[in-house]
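**Student:** Have a look at this one.
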Amino acid sequence: MMVFRVLEGRFRTTQPRRTAESTRSTMAKLCAFLVVLVVMSHWSTCCLGCDLPHTHNLRNKRAFTLLAQMKRLSPVSCLKDRQDFGFRLEKVGAQQIQKAQAISILHGLIQHILSLFTSKESSAAWDATLLDSFCNDLQQQLSGLQACQMQQMGVQEPPLAQEDSLLAVREYFHRITVYLREKKHSPCAWEVVRAEVWRALSSSVHLLSRLREEK
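Going by our numbering, 35 is the number at position 34 of the sequence shown; the sequence numbering is gapless.
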């Protein structure tokens, strides 16, 4: 409970009072997503029996730092374009996420982010140097995760939990893709998506470090 309160305080921004209730709902969904992502990162680096390079977490931190530097617009100027993308994993508790499954889900998350930012529309929206560096870091993370997947090929995973989790990932990024298309890939739409991905990456790193301190 304390983790949720700390996270909520970090991301509280100035918003119209009439949206306060909607904001609390959005934060609850975001927290659920981030906690699952942190658990997956924690297991993939510490508990899976496959040794991801130490640079995995460093690349993750570097990736969200680059993503922050890519910001071109003030969030205030894009308030009307805000969107709740609702990563809905409330029904998939931490205890249900199996070890080998965590690698697959984390791999899927990064793969979808990479696909999003290597699209033709994305290349026209961002600084080319920052975008290339960001995508390169994601690609290196994928390589490490793929190596772990090869080591986990003989591990049996619960089909239902696996399908539910990966489906939630696909639907989450599908909503983002549809949003961008409906907004005609406008600068504000890309800023909203950039902020969404940045929050996920930065919070996963922050909470992962807290989990390690408590271990």
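Virtual Cβ for every residue (Gly too), placed ideally from N, Cα, C.
The structure presented is a predicted model; accordingly, all values stated were derived computationally and were not measured.
1. Hey, would you say SER123 sits closer than 8 Å to LEU167, going by beta carbons?
2. Given PHE174, which residues of its chain have a CB within under 6 Å of its CB, disregarding the five upstream and five downstream residues?
3. Can you grab the Cα-Cα spacing for the pair LYS121 / CYS149, in whole Å?
4. Could you tell me whether the Cβ atoms of LEU139 and LEU107 are closer together than 8 Å?
5. Express the C-alpha separation of ALA126 and ASP165 in angstroms, rounding to a whole number.
6. Using only alpha-carbon positions, find the residue among ASP85, ILE111, SER144 and ARG182 that is nearest to PHE65.
7. For VAL170, count neighbouring C-beta atoms within 10 Å of its own C-beta (all shown protein chains included) and say buried if the count is 16 or more, exposed if not.
8. Less than 8 Å between the C-beta atoms of ILE177 and LEU115, yes or no?
9. Within its chain, find whatever has a CB closer than 7 Å to the CB of ARG195; leave out the 5 residues flanking it on each side and keep chain order.
10. So is GLU179 buried or exposed if we call it buried at 16+ other beta carbons inside 10 Å?
11. Could you check if ALA190 is buried or exposed, using at least 16 other CB atoms within 10 Å of its CB as the buried criterion?
12. Whole-angstrom Cβ separation of ASN61 and GLN141, contact assumed at under 8 Å?
13. In this structure, does DSSP put LYS81 in helix, strand or coil?
**Tutor:** Straight from the coordinates:
1. no
2. HIS113
3. 30 Å
4. no
5. 33 Å
6. ILE111
7. buried
8. no
9. LEU68, MET71 and LYS72
10. Going by the sequence as given, residue 179 is Val instead of Glu. The residue is exposed, with fewer than 16 neighbouring Cβ atoms inside 10 Å.
11. buried
12. Not confirmed; about 10 Å, so no contact.
13. helix
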